[in-house]
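J.: One structure coming up, written as structure tokens, with questions to follow.
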Amino acid sequence: MKRIHWLLVILGLTVGLYLFLRKEPLPEEEIGPAPPPPARLVQKYGPKLYSQNNEELVIRDFFNDRRDGFFVDIGASHYKTNSNTFYLEKHLGWTGIAVDAIRDYGKDYKIHRKGTRFFCFFVSDHSDRDADFFINPDNKRISTGDLRLAKRQGPYDLVRVPSVTLNDLLSRLGIVRFDFLSMDVEFGEPAALAGFDIDRYRPSLVCIEAHRKVRGAILEYFGTHRYRRLEQYDIADRLNYYFAPAAGER
17 MKRIHWLLVI LGLTVGLYLF LRKEPLPEEE IGPAPPPPAR LVQKYGPKLY
67 SQNNEELVIR DFFNDRRDGF FVDIGASHYK TNSNTFYLEK HLGWTGIAVD
117 AIRDYGKDYK IHRKGTRFFC FFVSDHSDRD ADFFINPDNK RISTGDLRLA
167 KRQGPYDLVR VPSVTLNDLL SRLGIVRFDF LSMDVEFGEP AALAGFDIDR
217 YRPSLVCIEA HRKVRGAILE YFGTHRYRRL EQYDIADRLN YYFAPAAGER
């Protein structure tokens with residue numbers, strides 16, 4: 017009996033170790049620290065000023081510091097810190113909309129981002145229903161609508177946020193075209209894309225956070241809609257994928 021007992025103990029430990037090792041990493045564990053910006057981008061544009069990684073330099077390079085464009089920033093977070101669009105507005109005269117499920121961010125957008133309209137929504141594949149959203153009080157930037165991820169990242173506060181599809185939001189606002197889409201919604205990207213008719217709006221550039229868990233769905237979506245991934249920017253940014261319309265598809 018003792019032998020059977022110890023065999024069961026060993027089996028349990030083995031299974032536990034296997035499950036631990038195969039557990040998907042947290043987003044910050046998966047990506048690691050941001051890579052240094054490529055020398056070419058730094059020489060041309062200088063150091064990045066606001067974005068979390070090198071998104072700002074990639075976006076500037078793609079648009080060649082074009083002025084007066086229009087952006088749609090989903091999961092926009094803080095108006096300045098780690099922002100993918102603050103540089104565009106402040107230095108290049110762009111305007112746009114910022115959407116985030118954390119309502120408190122809107123106060124600073126109203127004060128500091130005169131060219132940006134802020135909206136508090138949970139962007140998903142359906143509209144006009146309240147959605148659960150889990151705010152991490154220690155790091156609001158990693159707040160999420162994914163309960164499993166929220167539990168793994170530490171304490172959280174549950175709030176209810178109105179949901180909307182990107183299609184419905186753009187229609188309500190009368191937006192018919194825009195140049196740049198930034199999307200960072202912590203594992204919610206596939207659902208947000210499902211509610212977006214990219215063939216109708218055809219943005220010139222999309223920057224989308226692409227964690228391992230959702231990467232396949234993201235690649236399938238953009239491939240289906242004739243967008244190509246800009247792999248030349250992988251050296252600058254391990255966190256996001258960048259997409260542009262395939263040649264002749266603009």
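The numbering of the sequence shown is our numbering, which starts it at 17 and goes up by one.
The beta-carbon is built from N, C-alpha and C at its ideal position, and this holds for glycine as well.
Assuming isoleucine 158 contacts glutamate 202 under a Cβ cut-off of 8 Å, what Cβ separation, rounded to an integer in Å, is found between them?
T.: 6 Å
J.: Assign glutamate 83 to one of three DSSP states: helix, strand, or coil.
T.: Going by the sequence as given, residue 83 is arginine instead of glutamate. Reduced to three states, the DSSP call for arginine 83 is coil.
J.: What span of residues does the beta strand (DSSP E) with arginine 133 cover, start to end?
T.: 132-136
J.: Between the region 191-200 and the region 70-89, are three or more C-beta pairs nearer than 8 Å?
T.: yes
J.: Check this for me: beta carbons of glycine 170 and aspartate 184, under 8 Å apart or not?
T.: no
J.: Please classify arginine 129: is it buried, with 16 or more other beta-carbons within 10 angstroms of its beta-carbon, or exposed?
T.: buried
J.: Entirely within the region 56-115 and at least 3 residues each: give me those beta strand (DSSP E) ranges in chain order.
T.: 86-90
J.: Nearest-angstrom Cα distance between isoleucine 224 and asparagine 100?
T.: Annotation: isoleucine 224 to asparagine 100 spans about 11 Å, alpha carbon to alpha carbon.
J.: Could you give the DSSP three-state label for serine 143: helix, strand or coil?
T.: coil
J.: Can you tell me the Cβ-Cβ gap for phenylalanine 212 and threonine 181, rounded? I've got them flagged as a contact below 8 Å.
T.: 7 Å
J.: Sort Ile113, Lys96, Ser93 by Cα distance to arginine 133 and report the nearest one.
T.: Ile113
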